[in-house]
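Comments concern the structure below.
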Amino acid sequence: MDEFILSSSSLLSASQHQPASLQQRLQPILDNQRERWTYAIFWQTSTDDEGCIFLTWGDGFFQGTTVMKEIQGLIVENYSDSHSNIVNDAERFYVKSLAKSLSLGDGVTGKAFSTGSVVWLSGGNQLGFQNYERAREAQSHGMQTLVCIPTSNGVVELGSNVIITQNWSVVQQVKCSFESDLYGLDLVSQKYSELGTIPDDIDVLSQIQEDAQQKMTEALPISKISDSTSQFKTPKKRGRKPSIGRPNVPLINHVDAERHRREKLTRAFCKLQSVVPYASTMDRASLLSAAVLYIKELKEKVEELESKRMKMKQLEIEVKIVGEDGMIRVQSENTNYPVTRLIDVIRDLELQVHHASMSSVKNLMLQDVVVKFPGGGVITSEDALRTALVTGLEK
């Protein structure tokens, strides 16, 4: 099966190239999975003139059998229509995404980024009945599974024309690939070093908006920047002005802190999922519920073992065997008829009682029993007799 990578750089001007490392992150995600994924798209954050964040096409990878010319024919206006019938629905849906812009909180992709949660839709019931335009559009083009995985600076969208159940491994691979470093952080670091410091209580969302505005400005050629400076409004810094005596922290420190926090949280959930035996989904809420249930079960087992340990501590058994005779001394708590329980155990072991005595001191019961071993019996040693008595008295 032939594979091709379709990015905005292959269809637009060469000056708008995306880093090759982004394409190299998307392809292994599909290649390393057992399931048959059709495409992977990275939606990156951008801002408009008013500083509002939205998601736009960053790059993509498609697994298919068609040639690039057929795909380009859907976009280039002067391309011949003779090949348009070769392009299938999945390819058409993939190419249409090039011109898409998705707002935060609106649609399945925007919801995944704004909430920081993985959205996994599979089957016609979930795709068709969800109030998400992109999910319904994906279903109309033959998609049966749509997954949106948020990252630090965008969303990775995976699609397949077959139903794929929830799989934590693909989510973990995306997190490991895209959370290792912030995309375009070198450009952001350079700009923030020139801006100086801002108050340490600024929210992370406004920082991302300013990051995207700075990257959009640097992406333009130098001539366009000088000619259209008036078209870009400098976004106002959000947050309160620093009060007297309050230390200022560079903005990049906040971005690093947020990235490290997300990476640490992702690793913690991965470790939690590996130790909870029946956590089959990658949803964090379901994983936490399963972990709570598992902890309750462990607590009950600990309490049960602790109760048995206390009983064993109060139960003392001494055994002495001389020839065919044996002496048994049992010291236990004077509850639940200890004499009757000991006699029942001796009877079950088919031992003959020659002498028995008992005495009670406060809450302790002391019993001395002399028994005779019948010929051909199962009990032949002191350890075997002690083990049989302990097992019988603990029931």
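Number 326 in full-length UniProt numbering belongs to position 326 of the sequence shown; there are no gaps in the numbering.
Beta carbons are placed, not taken as given, at the ideal position from N, Cα and C, and that holds for glycine.
Predicted model only: the values in this text are computed from it and were never measured.
Start and end residues, beta strand (DSSP E) containing residue i
i	result
T145	T145 to P150
K175	First-last for K175: W168 to F178, but that is the alpha helix (DSSP H), not the beta strand (DSSP E).
T47	Y39 to T47
L55	I53 to Q63
G159	G154 to S160
L102	S101 to S103
Separation of residue j from residue i, as counted between CA atoms
i	j	result
L287	Q273	7 Å
V353	E300	40 Å
G116	Y94	24 Å
V319	D368	10 Å
T165	G392	50 Å
T266	K395	46 Å
W37	K264	28 Å
D49	K175	30 Å
L104	V156	14 Å
R134	E306	55 Å
L342	N167	56 Å
Q126	S177	28 Å
L30	A40	7 Å
E35	E137	22 Å
D89	H141	5 Å
V119	E303	39 Å
D344	L351	10 Å
Q314	E179	56 Å
T109	F54	10 Å
K271	Y278	14 Å
G375	M358	27 Å
G124	Q144	7 Å
C148	M310	53 Å
T380	V330	19 Å
R261	A285	18 Å
residue 434	V162	Because residue 434 is not part of the residues shown, which for the chain are 1 to 395, the question remains open.
S101	T47	11 Å
G128	E91	20 Å
T361	E316	Contrary to the premise, residue 361 reads as Val rather than Thr in this sequence. Rounded to the nearest angstrom, the two C-alpha atoms are 15 Å apart.
D348	Y294	39 Å
V171	V378	59 Å
S152	K308	51 Å
D383	S332	19 Å
Q24	N131	33 Å
Q33	T387	53 Å
I321	K296	45 Å
F269	S122	23 Å
Q44	V292	35 Å
V339	H355	13 Å
F62	V255	31 Å
S114	S169	23 Å
P28	D283	23 Å
A257	Q173	22 Å
L298	Q139	44 Å
P150	G107	13 Å
R259	N253	10 Å
F42	K96	14 Å
Beta-bridge pairing of residue i - partner residues as DSSP gives them
i	result
R329	E318 and D368
S357	D368
L121	L146
Q352	K372
Cβ-Cβ separation, residue j to residue i (assumed contact under 8 Å), whole Å
i	j	result
L366	I328	Wrong, their Cβ atoms sit about 12 Å apart, outside the cutoff.
G159	L146	6 Å
A290	V276	5 Å
G60	L26	7 Å
L364	N334	6 Å
W57	L98	5 Å
L385	G323	About 14 Å separates the two Cβ atoms, so there is no contact after all.
I346	V371	6 Å
First and last residue of the uninterrupted alpha helix (DSSP H) at residue i
i	result
D383	E382 to L393
Q126	G124 to F129
V108	G107 to T115
D89	D89 to K96
E137	E133 to S140
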